[in-house]
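The listed protein sequences correspond, in order, to chains A and B. Each residue of the first sequence is one higher than the one before, counting from 34 in the numbering used here. Each residue of the second sequence is one higher than the one before, counting from 34 in the numbering used here. We put the CB at the ideal spot given by N, CA and C, even for glycine. Note that the coordinates shown come from a computational prediction; the quantities given were computed from them, not determined experimentally.
Number of protein chains: 2
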Amino acid sequence: MENPDQNNKNKPGKDTSSSSQKDGLETSINPRYRRQKRYSPDIEEYVEGISSGNRTMLSQAITLIENSNPDHRESGQKILEECMGATGNSLRIGITGVPGVGKSTFIESFGTHILEEGHRLAVLAVDPSSSRSKGSILGDKTRMQTLANHPDTFIRPSPASGALGGVAHTTRESMLLCEAAGFDIILIETIGVGQSETAVHSMVDFFLLLMLAGAGDELQGIKRGIMEMADLIAINKSDQENIHAAKKARIEYENALSILARDSPARKPSVLTCSATEGTGISEIWNKIKRSAEQSKESSRFSARRSEQASWWMHETLNRQLKDRFYNHPEVRNKIKDFERKVKRGEVSPFRAAEELLKII
Amino acid sequence: MENPDQNNKNKPGKDTSSSSQKDGLETSINPRYRRQKRYSPDIEEYVEGISSGNRTMLSQAITLIENSNPDHRESGQKILEECMGATGNSLRIGITGVPGVGKSTFIESFGTHILEEGHRLAVLAVDPSSSRSKGSILGDKTRMQTLANHPDTFIRPSPASGALGGVAHTTRESMLLCEAAGFDIILIETIGVGQSETAVHSMVDFFLLLMLAGAGDELQGIKRGIMEMADLIAINKSDQENIHAAKKARIEYENALSILARDSPARKPSVLTCSATEGTGISEIWNKIKRSAEQSKESSRFSARRSEQASWWMHETLNRQLKDRFYNHPEVRNKIKDFERKVKRGEVSPFRAAEELLKII
């Protein structure tokens, strides 16, 4: 709408394809060349494909959004703009927990349970660390095989690299495309040790934190700020000889959360136990989430939170871009290290240094 | 140093004074006119006065820094630049807690104890809410009369208004001037319910949180983010029939803090009890702070934290200024509400809206 002159017939990546397809003749051609000749759908075809729930089209559109090539990204943006009217009709759930807590097994079990109720499920991951994502659960679809092979599921690992804000940014856009493709439950996974949780918390309706009993807080590595975001804490691996410890941990967490003040007592998170491998406690967690979503929809908190989140993302993007532009200015880059050194040594006050740097732009 | 052509003889507020003093003749003159003729020291006189510990000069220099008149602020900045070499030689302590926790009585008792050891004490306040500051403890010196009348103490209430960043910003500069004036213990008070705590935490060496036993967390209104910053939690009003409840609260808080994960186990805050009115527990708190400062000085964490803080303030100032400039741009102000409305309604994606707004500058 803000681009009335937008041409929906624009070809994304039009440099890669112009001739017609001659698949039968391509067997002996250099693979790179063959790839370049691959057919590229136009914006309208993408939008139609996504609307009809075509997972391949959805996947390709997300690739455009994640692309480092500005032309491809622009095409991705146009597809998203066309899809905006069909977004918003899902329940967005964030899931976090450190490696070892059993996230992949949990998502497999939890997702299967959700699919049994007839939902269509999309699983996205935000992992700002490229080295971690190589071994991450979602990078390795073989670990969520039931889900990966289910026709009503779409699984998408995080991009292998990129700035934190950038990754979360494209994840939010991917989420919107998934909604346009008719996925009505979206799980967004983070690894629970970084700063990506704030970004994810700002795009979901419900935030689930997975913990272990008796692992020691340092081992679990969960920052308290993350606990503060949680709508529900689930103590996983509550099975066999672990059951007693999990129940004890549940009570301890409940007490701790009661003692420590909350912004609002109404938002005090529940604590439940579950075993993803045995499938126990999973339906209780799902029921809790559903009930919470129903209640917040009745009180209109649901839509209010979404509006606030959209506004947050606009300002977040503005602030990030303003900083990027400033810090990437050649003269700023040139001088900032020197000022920083002087400030750290106490030779110049931080405010005077900032003033001098701002004079550059 | 970054102003080699700086003229130390510049007159701050030179528009208000040029003729010589004729005090004897001024008794019948209009008070406003008499005020304009008041003698204004120059930068060098300010610096000399501050260096010699003159509290009136210190107070006037802080007024220049807080002033809304750019010329006065510039004079304040020049004084600060000249004083930078004499700053840093204090222990900076942040004290927070909601109204009713007994902050003024605590600071009176704690400050008196510190003075008995031969220190010179400055007490500054950050209170971003102008309505609150009218009734704030530091706005009302009569409530800290022992300190207010002590020759080795300097008490400075917060400015009555101003942006949050702005108030904290001038508080940090005031703190540096106090150090240059030889105050070796600086207490910085906040009211414990707003966002000013992050700013204060970023200017102190030690952060003390005052709490009450059994007041209920909602009543206390302390945000969990503030607890996370605390180096020490002191449960005040541990006297008479309250002693038992305070001891119980101490154990509860200790347990809660142990259960909830910390960024670093070494930074787990201690919990102590005290009674500011009876003077019990005060020396234990002071000893704890001194020991903590000694330990962090030995491990060089002390200076490392200060360097990081100075750098934080430089970037914080840069980011705040970049935002201020953008959001105050006439065309941005004109269009942003409209974009925000569309984004909240889901008509435009937050990223597209940000992109359009950024095109303005």
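Quiz item: Who are the Cβ neighbours of Ser291(A) in its own chain at under 8 Å, not counting the five residues just before and after it?
Solution: Setting aside the 5 residues that flank it on each side, Ser291(A) is surrounded in the same chain by Lys301, each with a C-beta closer than 8 Å to its C-beta; the list follows chain order.
Practice problem: Following the continuous beta strand (DSSP E) through Val156(A), name the residue where it begins and the one where it ends. | Solution: That run of the beta strand (DSSP E) goes 154-159.
Self-check item: Near-chain B residues of the region 112-130 of chain A - C-beta to any C-beta below 9 Å
Solution: Listed by position, the residues of the region 112-130 of chain A near chain B (Cβ gap below 9 Å) are Leu113, Glu114, Met117, Gly118, Thr120, Gly121.
Quiz item: Since Ile318(A) contacts Ala267(A) with CB under 8 Å, what's their CB separation in whole angstroms?
Solution: Right, the Cβ-Cβ distance comes to about 6 Å (below 8 Å), so this counts as a contact.
Practice problem: Please go through the same chain and pick out, in chain order, the residues whose beta-carbon is closer than 8 Å to the beta-carbon of Val365(A), but skip the five residues on each side of it. | Solution: Cβ within range, chain order: Phe359, Leu390, Ile393, Ile394.
Quiz item: Mapping DSSP to helix, strand and coil, what is Phe143(B)?
Solution: Correct three-state label for Phe143(B): helix.
Exercise. Check the Cβ-Cβ distances between Met347(A) and every residue of chain B, and say whether any is below 7 Å.
Key: Closer than 7 Å: yes.
Quiz item: Using the beta-carbon count (16 or more within 10 Å), is Ala337(A) buried or exposed?
Solution: Counting Cβ neighbours within 10 Å, Ala337(A) comes out exposed, since fewer than 16 surround it.
Quiz prompt | Whether Arg153(A) touches Phe216(A) by CB criterion (7 Å) | solution = Yes, they are a contact pair.
Self-check item: contact_flag[the region 308-326 of chain B, the region 349-358 of chain A] where n(CB pairs < 8 Å) is 3 or more
Solution: Counting Cβ pairs under 8 Å, fewer than three are found: no touch.
Exercise. Look up Arg165(B) in the DSSP assignment and say whether it is helix, strand or coil.
Key: For Arg165(B), the pLDDT reaches just 39, beneath the cut-off of 50, and the residue's location in the model is therefore unreliable, although a value from the coordinates is still provided. Reduced to three states, the DSSP call for Arg165(B) is helix.
Practice problem: Provide the residue(s) that pair with Glu311(A) in DSSP beta bridges, ordered along the chain. | Solution: Paired residues: none, contrary to the question.
Quiz prompt | Contact check, His269(A) vs Val80(A), beta carbons under 7 Å | solution = The residue you asked about is not His; residue 269(A) is Asn in the sequence shown. No, Cβ-Cβ distance for Asn269(A) and Val80(A) is not below 7 Å.
Quiz item: Buried or exposed: where does Ala196(B) fall if 16 or more other Cβ atoms within 10 Å of its Cβ makes it buried?
Solution: Interpretation of Ala196(B) is limited by its pLDDT of 45, a score under 50 that renders its predicted location unreliable; the figure taken from the coordinates is listed afterwards. Per the 10 Å Cβ criterion, exposed.
Self-check item: Residue closest to Ala232(A), alpha-carbon to alpha-carbon, out of Gln273(A), Trp346(A), Leu305(A), Cys116(A)
Solution: Answer by Cα proximity: Trp346(A).
Exercise. Can you tell me which of Val131(B), His146(B), Thr186(B) puts its alpha carbon nearest to the alpha carbon of Asn320(B)?
Key: Asn320(B) has its Cα closest to that of His146(B), out of Val131(B), His146(B), Thr186(B).
Self-check item: Cα-Cα separation between Leu220(B) and Asp238(B), rounded to whole angstroms
Solution: In a straight line, the C-alpha of Leu220(B) is about 10 Å away from that of Asp238(B).
Exercise. Let me know if Pro74(A) comes out buried or exposed under the rule of 16 or more other beta-carbons within 10 Å of its beta-carbon.
Key: By the 10 Å Cβ count, Pro74(A) comes out buried.
Quiz prompt | Contact between the region 176-191 of chain B and the region 76-96 of chain B (3+ Cβ pairs under 8 Å) | solution = In this structure the region 176-191 of chain B lies against the region 76-96 of chain B, because at least three pairs of beta carbons, one per stretch, are closer than 8 Å.
Quiz item: Is it right to say Gln328(B) is buried, meaning 16 or more other beta carbons lie within 10 angstroms of its own, or is it exposed?
Solution: Answer is exposed; the Cβ neighbour count stays below 16.
Quiz item: With distances taken from CA atoms, which of Arg374(A), Ile98(A), Gly144(A) is nearest Ser415(A)?
Solution: The shown model of chain A, from 34 to 394, leaves out residue 415(A), and the question about it has no answer.
Quiz prompt | C-alpha distance - Phe240(B) paired with Phe372(B), whole-angstrom precision | solution = Rounded to whole angstroms, Phe240(B) and Phe372(B) show a C-alpha spacing of 41 Å.
Quiz item: Around the Cβ of Gly109(B), are there at least 16 other Cβ atoms within 10 angstroms (buried) or fewer (exposed)?
Solution: Gly109(B) comes out buried.
Quiz item: Nearest chain B C-beta to Leu355(A) closer than 7 Å, yes or no?
Solution: Interface flag for Leu355(A) against chain B is set, since a Cβ pair is found closer than 7 Å.
Self-check item: C-alpha gap between Leu265(B) and Leu245(B), whole angstroms
Solution: CA-to-CA, the gap between Leu265(B) and Leu245(B) works out to about 14 Å.
Exercise. Give the single residue among Thr129(B), Arg339(B), Ser229(B), Gly118(B) whose Cα lies nearest to the Cα of Glu222(B).
Key: Comparing Cα positions, the closest option is Thr129(B).
Exercise. Compare the C-beta of Pro184(A) against all C-beta atoms of chain B and say whether one is closer than 7 Å.
Key: Pro184(A) does not count as touching chain B.
Self-check item: DSSP state of Thr150(B) mapped onto helix, strand, coil
Solution: In the sequence as displayed, the identity of residue 150(B) is Glu instead of Thr. Here Glu150(B) carries a coil assignment [DSSP, helix/strand/coil].
Quiz item: Any C-beta of chain B sitting closer than 7 Å to the C-beta of Val80(A)?
Solution: No, Val80(A) does not count as interfacial toward chain B.
Quiz prompt | Rounded straight-line distance, which links the Cα of His234(B) to that of Val381(B) | solution = Computed Cα separation, rounded: 38 Å.
Quiz prompt | Burial state of Arg283(B), where buried means 16 or more other Cβ atoms lie within 10 Å | solution = With a 10 Å radius around the Cβ and a threshold of 16 neighbouring Cβ atoms, Arg283(B) comes out buried.
Exercise. Tell me whether Pro383(B) is buried or exposed, calling it buried when 16 or more other Cβ atoms sit within 10 Å of its Cβ.
Key: By the Cβ neighbour-count rule, Pro383(B) is buried, with 16 or more other Cβ atoms within 10 Å of its own.
Quiz item: If you count every other CB in all the chains shown that lies within 10 Å of the CB of Lys330(A), and 16 or more means buried, which is it?
Solution: Lys330(A) should be labelled exposed.
Quiz item: Between the Cα of Lys368(A) and the Cα atoms of Ala387(A), Leu351(A), Ile112(A), Asn352(A), which residue gives the shortest distance?
Solution: If we check each option's Cα against that of Lys368(A), Ala387(A) comes out closest.
Self-check item: Gln178(B) versus Ile188(B): straight-line alpha-carbon distance, rounded
Solution: Their backbone Cα atoms lie some 11 Å apart in a straight line.
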